[in-house]
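First residue of the sequence shown: 145, per the working numbering; consecutive thereafter.
Ideal Cβ placement from N, Cα and C applies to all residues, glycine included.
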Amino acid sequence: MSPTNWRSPLFFILLQFMISSSNPHPQFPCSQPHQNSLYPFCNTSLSISTRSQSLISLLTLNEKIHQLSNTASWNTQTWNSTL
145 MSPTNWRSPL
155 FFILLQFMIS
165 SSNPHPQFPC
175 SQPHQNSLYP
185 FCNTSLSIST
195 RSQSLISLLT
205 LNEKIHQLSN
215 TASWNTQTWN
225 STL
């Protein structure tokens, strides 16, 4: 094997290792291990307005601005099927 040919297999082996070592199941803030302890919006005994204020207070200004826009395209097939 020439000196330049070993780099490609090594790259793919390292890439596969990095992909397989990532967590396939993301952790959610309201899941069982820390259901009510970390965030008030996970506490279902609080009122909806209190929980929503808690959740909104954690968003940055940029995240709040992005929530105001809708970039989803219109599904014309659904619109045509109702005619």
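Reduced DSSP secondary structure (H/G/I, E/B, other) of residue i
i	result
Pro153	helix
Leu196	Note on identity: in this sequence residue 196 is Ser, with Leu being the wrong assignment. In this structure, Ser196 counts as helix in the three-state DSSP scheme.
Pro245	Here the chain covers residues 145 to 227 and nothing more, so residue 245 does not appear.
Asn206	helix
Ser201	helix
Leu158	helix
Test item: CB-CB of residue i and residue j under 9 Å
i	j	result
Leu203	Gln211	yes
Asn206	Arg195	no
For residue i, the nearest candidate out of the options (CA to CA)
i	options	result
Pro184	Phe172, Gln197 and Leu159	Gln197
Rounded distance between the beta-carbons of residue j and residue i, thought under 8 Å
i	j	result
Pro173	Leu182	6 Å
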